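In this note's numbering, the protein residues as written are 418 to 625.
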């Protein structure tokens, strides 16, 4: 989790928190989801309900998500449980992973003919597979633009964004000013919230 800023009066709320959506059947099977619209499984719904206690302590005012079922359902469970508003934004969607979608990531990693492992190491150097419609640099520009717009034009108060695995890693690289070869270090499998500092958010808005 990102560091919480402190003042003389105690902790200062972070302006933004980002989390990954809760589990789907494909998550449990280790399959790549991308733009394939896979809903939460019952384990994922229970995971969302269990996360509410931690999220309640953050003082959130609203939550944003993509229209993909797994992200939207996670956000809906959070919004209902916390009694806050919900914003759906198409530009928060996952990367289009083309022919990799539906395949087990471990199978691709073990396939010497697949560029998947090399892509994870530095997605700026290896193209996405056939069927993908968006270069990775364009996906990063999209997520940066979307988050900056939500911050500048959305409702007031600290908010939460429910994101997807790979697009979240792209966002982390932008927030921290890191090259895309750091991408795989920010692929986070848990639903632990990350507190985005005001400094990181300012850097993001300036990078558009």
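The beta carbon of each residue, even a glycine, is placed where N, CA and C say it ideally should be.
The model shown is predicted, which means the values in this text are computed figures rather than measured ones.
Check, Outcome
"Have a look at 623, 486 and 495 and flag the residue whose alpha-carbon is nearest the alpha-carbon of residue 565.", "623"
"With a threshold of 16 other CB atoms inside 10 Å of the CB of residue 626, please say whether the residue is buried or exposed.", "Nothing can be reported for residue 626: it is not among the residues displayed for the chain, which extend from 418 to 625."
"Below 8 Å CB to CB, which residues in the same chain sit around residue 446 once its five sequence neighbours on both sides are set aside?", "521"
"Counting only the same chain and skipping the five closest in sequence on each side, list residues whose C-beta sits under 8 Å from that of residue 541.", "553, 554, 596, 597 and 598"
"Go ahead and label residue 604 buried or exposed: buried means 16 or more other beta carbons lie within 10 angstroms of its beta carbon, across all protein chains shown.", "exposed"
"Compare the Cα-Cα distances from residue 506 to each of 590, 485 and 524 and report the closest residue.", "485"
"Exposed or buried, what is residue 586 when buried is set at 16 or more other beta-carbons lying within 10 Å of its beta-carbon?", "buried"
"What residue ranges within the stretch 510-549 form continuous alpha helix (DSSP H) runs of no fewer than 4 residues, ordered along the chain?", "522-527 and 533-538"
"Give the range of the beta strand (DSSP E) segment to which residue 578 is assigned.", "576-580"
"Let me confirm a value: residue 513 is counted as buried when at least 16 other C-beta atoms fall within 10 Å, else exposed. Which label applies?", "buried"
"Measure from the alpha carbon of residue 549 to the alpha carbon of each residue in 477, 573, 516 and 455, then state which is nearest.", "516"
"Residue 568 to residue 529, Cα distance in whole Å?", "42 Å"
"Apart from the five residues on each side of it in sequence, which residues of its chain come closer than 6 Å, Cβ to Cβ, to residue 493?", "none"
"Run the CB neighbour count on residue 425, radius 10 Å, all protein chains shown included, and call it buried at 16 or more, exposed below.", "Low confidence applies here, because residue 425 scores a pLDDT of 29, under 50, leaving its location unreliable; read the following figure in that light. That one is exposed."
"Within a Cβ cutoff of 8 Å, which residues of the same chain sit near residue 590, ignoring the five residues on either side of it in sequence?", "557, 596, 597, 599, 600 and 603"
"How would you label residue 615, buried or exposed, when you count the other beta carbons within 10 angstroms and need 16 or more for buried?", "exposed"
"Check each candidate in 433, 571 and 449 and name the one with the smallest Cα separation from residue 606.", "449"
"I'd like the ranges of any alpha helix (DSSP H) spanning at least 4 consecutive residues and lying wholly in the stretch 450-487.", "459-473"
"Pull up the CB-CB distance for residue 613 and residue 465, whole angstroms please, since I reckon it's below 8 Å.", "Actually they are not in contact, since the Cβ atoms of residue 613 and residue 465 sit about 21 Å apart, beyond 8 Å."
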